[in-house]
Amino acid sequence: MATSKCSQAGQQLWAKMPKVGGYTRLCFAWSVIGFLVHTNSSYRITHQANAELFALTYGSLVTELVRDHEDPIEVNKQLDKIGKSIGVRCVDEFLAKADVAGLGLASQCQSLRDTAEVVARMGFRMFLGVGAECGAFSQDQKSFSIYFHDNPLSTFVELPPAGDDQMGDDLRKLKYSNIYCGIIRGALEQVNLKVDVTLVQCTLKGDEVNEIRVELKEVLADGAGDDYKEE
Amino acid sequence: MSRNASNNILDRPLGFRATPAGRSSDVSSVSLSAFAYVYSELVQYHQGRAASISELERRLESAGYGVGLKVLECVAYRGKEMKRETRLMSILHFVSSSVWKSLFGKSADSLERSIDNQDEFMIVDYEPITSTFVSVPQDLGQLSADAYVSGIIAGVLDGAGFSARVTAHNVQVEEGENSRPPTNATPGMPRRTEKAVFLVKFSPEVLERDATLER
Amino acid sequence: MAAVPVLFVIVGKNEPLYEAEIDTSTGIHSSSSGDLSTRQNYFVLHSALDLVEKSAWTTNSMYLRVVDKVNHQQVSTFLTAANVKFMLLHSGKGEEVVKNFFNEVYQYYVKLSMNPFYKFDTPISSKAFDTRVRAAARAYLS
Amino acid sequence: MGFLHLFIVNKSGGLILHRSLGPRAPSIGTNDWLRIGSTFHSLHAIAAEASPVRLPKNKNPSGADDGIQQIEGSGVTLKCLQTRTGIKFVLTAEPGTTDIDTALREIYVLYADCALKDPFYELEMPIRCELFTSAVDNLIERLEQSKMSAVR
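Protein chains in written order, with my numbering: chain U, 234 to 464; chain P, 309 to 523; chain Z, 10 to 151; chain Y, 730 to 881.
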């Protein structure tokens, strides 16, 4: 099993690293990523699915929600809740597969900045195959933004322009890609970071770029959100 | 009109996805996991609102039906020949090869006509994408997680004027039946024990029409 | 001689989804005296529908060319893969020209129909679609 | 020498899976298994408290809660993989069995694929996904065979 051999080599190399600050280890981790996987992208799940089938399936879920709930604000909440159910699950895949590839990078997320880098760079790349950047860190390093242009979810989507009709106005209040916020919130909560996540810019509304704002609320000390209950 | 009115979806190439440099992103796939998670949530959403197993299957089929109507137009448009399928066998080949390739990256494993009744056909896929990671529990009996795909097929066929009842069935794979190596599963995953059989039952008027065209 | 307007209608399974009477020189709604959307023209289009139904299964090309001629008006039709009918009432435009117009509109129609918020066989209210169809008419049919 | 048992404990100490992996695995009743699961969960936590070397914020390098990682007995070796999300994968094997760490990591991947992506699996609940159990058996078989060929 090629991957596990690399991971053992990775572990030995990693263990020999002199016990220095997280920063040097982080740089080492980046080089490991570069070496182990593709040069231009971090670890990507080898098995792929057609992006248009993905977009159409998500579209079918959203239109079903719009039919069942009508009120766009309620649909946004539902998308966030569904996203959270994905987030709490996909974080284990992220950790497991990054671990098997000998990265163990996730362990180095000491600061929110590291976490932001990992979520934006590796998370989006690993699951969606798109590049995302993080930035706009607040003074107190408690919040940051994730920026990305290529949004596989909204490939065919066009929201009706403002003032078209009542149904159009409703649709404009819809945050089509709100599921991303739930996914990030669910994933980070599983690793003891309680965050608020909101979609602040969306290309469907005419913005230049998609932006997700992440705000750290609380670092959970004990077991990872063990009073986990379905919201 | 939205701020950058010019990049209206009607002006961009079909399936265009923006990249920072504004060109079309050539990435035409997402991870299988991303699709699996969204599909899993779609199933859970419908399961929460369905009163019975058959209602859950109907709901998944109707979720796929709308997608099928779109896929029919999209695959035909991309075919560039500006052709429509007018014969029964040609629409079945269109589904089992062009539609399958466009959605699942490979053509269906086989297309068979049922021996005992003339109006039934079977499209077989040894690795249906929708049940890659699904384990249907005993208490849900004969539920097939691929009902969504049967809905897509029904949408394509009805749209093209070949109305049919399409149902998904998971059937045990006999020993040595499928020699092709597994493609879309994690290396550690064992070979699939079940294949998906999509049973297509055409309505009588379709068969009559096709028979008259034969003469 | 002012350009003669054309009447372009998209018909779904059993109802019109989109309608535009286009003055092919300006592309805006034609205001010429011979108001095209008279009941008589709709009758012409309607009767052409039956001819379309018949030839739909005998040819597998989407472009059905001229399916009907009524006094000096011609009806050209284009049938999409999902049997949505594009019908153009015009006074003898060239076959190639009409075909290019239909192909251009088909491209817009497919992109519009892929939007999850557009339900198949329902009226098309998108203004963007309307402006581009008129622009195409101006480009190809003037 | 080979693998004996696999058991998985969720965040709150509940046993969500136990499986015997070989003919030589002693058979243990389900109630005993439930006790083993919760006892190991608390032992794991106590070990971190009682350990002379206290790691910062009680987290080991992989960022997961610190605790028992290995128990060497005369007749058995037990290894535990604690994930950052609080799940424990525990494998017992006859002494001298190699590849236990690899097996644990692979099982974690299979759990992420075959259980977490199954629409019919509810988080934190006992795992009844047939795909997961057959994938684990398949993995163990593969590892045992590669050891067999290595020994010959």
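Glycine included, every Cβ here is placed at the ideal spot set by N, Cα and C.
Quick one: is residue i near chain P, going by C-beta distance under 8 angstroms?
i: U/Asp383; result: yes
i: Z/Arg141; result: yes
i: Z/Ser122; result: yes
i: Y/Asn867; result: yes
Within 8 angstroms (strictly less), CB to CB, does residue i reach chain Y?
i: P/Arg311; result: A caution first: P/Arg311 carries a pLDDT of 39, below 50, which makes its placement in the model unreliable, though a value can still be read off. It does not; no Cβ of chain Y falls within 8 angstroms.
i: P/Tyr345; result: yes
i: U/Leu259; result: The predicted model places U/Leu259 with a pLDDT of 40, which falls under 50 and marks its position as unreliable, so this point remains unresolved.
i: U/Ala282; result: no
i: U/Leu449; result: no
Drop a sphere of 10 angstroms on the beta-carbon of residue i, count the other beta-carbons inside from all chains shown, and report buried for 16 or more, exposed for fewer.
i: U/Asp402; result: exposed
i: Z/Phe126; result: buried
i: P/Ser339; result: buried
i: Z/Glu62; result: exposed
i: P/Lys503; result: buried
i: P/Gln426; result: exposed
i: P/Glu435; result: buried
i: U/Ser410; result: buried
i: P/Ser487; result: exposed
i: Z/Phe52; result: exposed
i: U/Pro393; result: buried
i: Z/Met123; result: buried
i: U/Asp429; result: exposed
i: Y/Gln874; result: exposed
i: U/Asn443; result: buried
i: U/Asn384; result: buried
i: P/Ala359; result: exposed
i: U/Ala454; result: exposed
i: U/His280; result: buried
Taking only beta-carbon atoms, is residue i less than 8 angstroms away from chain U?
i: Z/Pro125; result: yes
i: P/Ala326; result: yes
i: P/Phe510; result: no
i: Y/Ala841; result: yes
i: Y/Val738; result: no
Give the DSSP bridge partners of residue i, in chain order.
i: Z/Val119; result: Z/Val119 pairs with nothing; no bridge assigned.
i: U/Glu451; result: U/Lys427
i: Z/His99; result: Z/Gln83
i: P/Glu428; result: P/Lys509
i: Y/Ile800; result: Y/Leu807
i: P/Lys391; result: Z/Ser70
i: P/Ser339; result: U/Gln281
i: Y/Gly743; result: None; Y/Gly743 has no bridge partner.
8 angstroms is my cut-off, CB to CB: does residue i come that close to chain Z?
i: P/Ala411; result: In the sequence as displayed, the identity of residue 411 of chain P is Leu instead of Ala. No, P/Leu411 does not count as interfacial toward chain Z.
i: P/Gly374; result: yes
i: U/Leu404; result: yes
i: P/Thr394; result: yes
i: P/Ala431; result: For the sequence presented, residue 431 of chain P should be read as Ile rather than Ala. Not one chain Z Cβ lies under 8 angstroms of P/Ile431.
i: P/Tyr353; result: no
Hey, residue i and residue j are a contact pair by Cβ (cut 8 angstroms); roughly how many whole angstroms apart?
i: U/Leu386; j: U/Lys408; result: Contact doesn't hold; Cβ gap of about 11 angstroms is too wide.
i: P/Leu322; j: Z/Arg141; result: No, P/Leu322 and Z/Arg141 are not in contact; Cβ-Cβ is about 14 angstroms, not under 8 angstroms.
i: Y/Tyr837; j: Y/Thr812; result: 6 angstroms
i: P/Ser422; j: P/Val383; result: With a Cβ gap of about 25 angstroms, P/Ser422 and P/Val383 do not count as contacting.
i: Z/Phe111; j: Z/Phe87; result: 4 angstroms
i: Z/Tyr72; j: P/Met430; result: Between P/Met430 and Z/Tyr72 the Cβ distance is about 34 angstroms, and since that is not below 8 angstroms, they are no contact.
i: Y/Phe732; j: Y/Gly751; result: 6 angstroms
i: Z/Val15; j: Z/Thr33; result: 6 angstroms
i: U/Phe360; j: P/Ser415; result: Not confirmed; about 27 angstroms, so no contact.
i: P/Ser337; j: U/Ala365; result: So it is not a contact: roughly 17 angstroms between Cβ atoms.
i: U/Leu345; j: U/Phe377; result: 7 angstroms
i: Z/Ile133; j: Z/Leu26; result: 5 angstroms
i: Z/Ser100; j: Z/Gln83; result: 7 angstroms
i: P/Arg392; j: P/Asp518; result: Their Cβ separation, rounded to whole angstroms, is 14 angstroms, which puts P/Arg392 and P/Asp518 out of contact at 8 angstroms.
i: U/Ile315; j: P/Glu349; result: 5 angstroms
Exercise. Taking three-plus beta-carbon pairs below 8 angstroms as touching, is the segment 364-377 of chain P in contact with the segment 287-295 of chain U?
Worked result: Contact holds: three or more Cβ-Cβ distances are below 8 angstroms.
Problem set entry | Within 8 angstroms of chain A by C-beta, residues of the segment 305-326 of chain U in sequence order | In the structure shown, chain A does not exist; the protein chains are U, P, Z and Y.
Exercise. When the Cβ atoms of the segment 312-330 of chain U are set against those of the segment 447-457 of chain P, are three or more pairs found closer than 8 angstroms?
Worked result: no
For this session: Report yes or no: do three or more beta-carbon pairs, one from the segment 477-488 of chain P and one from the segment 496-515 of chain P, lie closer than 8 angstroms?
Result: yes
Exercise. Are the segment 774-781 of chain Y and the segment 746-761 of chain Y touching, with three or more C-beta to C-beta distances below 8 angstroms?
Worked result: As far as the Cβ criterion goes, the segment 774-781 of chain Y does not touch the segment 746-761 of chain Y, which means the pair count is below three.
For this session: Give a yes or no on contact between the segment 459-470 of chain P and the segment 396-404 of chain P, applying the rule of three or more CB pairs nearer than 8 angstroms.
Result: yes
Exercise. Should the segment 806-823 of chain Y be regarded as contacting the segment 779-794 of chain Y, the criterion being three or more beta carbon pairs within less than 8 angstroms?
Worked result: yes
Exercise. Between the segment 458-465 of chain P and the segment 301-311 of chain U, do at least 3 Cβ pairs fall closer than 8 angstroms?
Worked result: Look at the beta carbons and you see the segment 458-465 of chain P not touching the segment 301-311 of chain U: under three pairs across the two are nearer than 8 angstroms.
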